[in-house]
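Enquirer: Sequential numbering of the sequence shown, starting at 1, is according to full-length UniProt numbering.
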Amino acid sequence: MNIRDLHHAQITVPKGQEEEARQFYCELLGLPELAKPASLQGRGGFWLQVGEREVHVGVEEGVERNRTKAHLAYLVDDLAAWRKHLHHGIPLVDSVPIPGHDRFEFRDPFGNRVEMIQML
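1) Give me the Cβ distance between His101 and Leu120, rounded to the nearest whole Å; I'm assuming they're in contact under 8 Å.
2) Here's a check: name, in chain order, each residue in its chain whose Cβ is nearer than 8 Å to the Cβ of Arg22, leaving out the five neighbours to either side.
3) Over what stretch of residues does the alpha helix (DSSP H) that includes Ala70 continue unbroken?
4) Taking DSSP as the reference, what is the three-state secondary structure of Gly58?
5) Would you please state the rounded distance, in angstroms, between the beta carbons of Leu72 and Ile11? I believe it to be under 8 Å.
6) Please say whether Leu79 and Gln49 have beta carbons closer to each other than 7 Å?
7) Pick helix, strand or coil for Leu31, following the three-state DSSP scheme.
8) Start and end of the beta strand (DSSP E) containing Ala9?
9) Which of the three DSSP states is assigned to Gln49 in this structure?
10) Taking His101 as part of the beta strand (DSSP E), name the residues at either end of that continuous run.
What follows is the structure in structure tokens.
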């Protein structure tokens, strides 16, 4: 009995802000949206394809996203290009160094912590 892999991770945005989240994640970050199963469509939110994995963007009220260290880390191949792309209007923070990696982090418009990381 083994855990073989990670299927998906979920983040949340405030109810009613799915379109703003689509603009951020699909347009700015360029992540393709996946069709949700019909049985889950009534719950709000949407799903994204990230490489071989999925990120499920759900809706949730009463969450202080700015207060948590929980985050998703996106593995990228050109961190400098992402830094330049996101620098327009999004405050970026250098992360604590990890040997063999370069990385930075930021908060999405809903307060979710996001990390961009590149292996050196």
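By construction, the Cβ of each residue, glycine as well, lies at the ideal position given by its N, Cα and C atoms.
Expert: Put simply:
1) 6 Å
2) Glu33, Phe46
3) No alpha helix (DSSP H) holds Ala70; DSSP gives it neither H nor E.
4) strand
5) 7 Å
6) no
7) coil
8) 8 to 13
9) strand
10) 101 to 107
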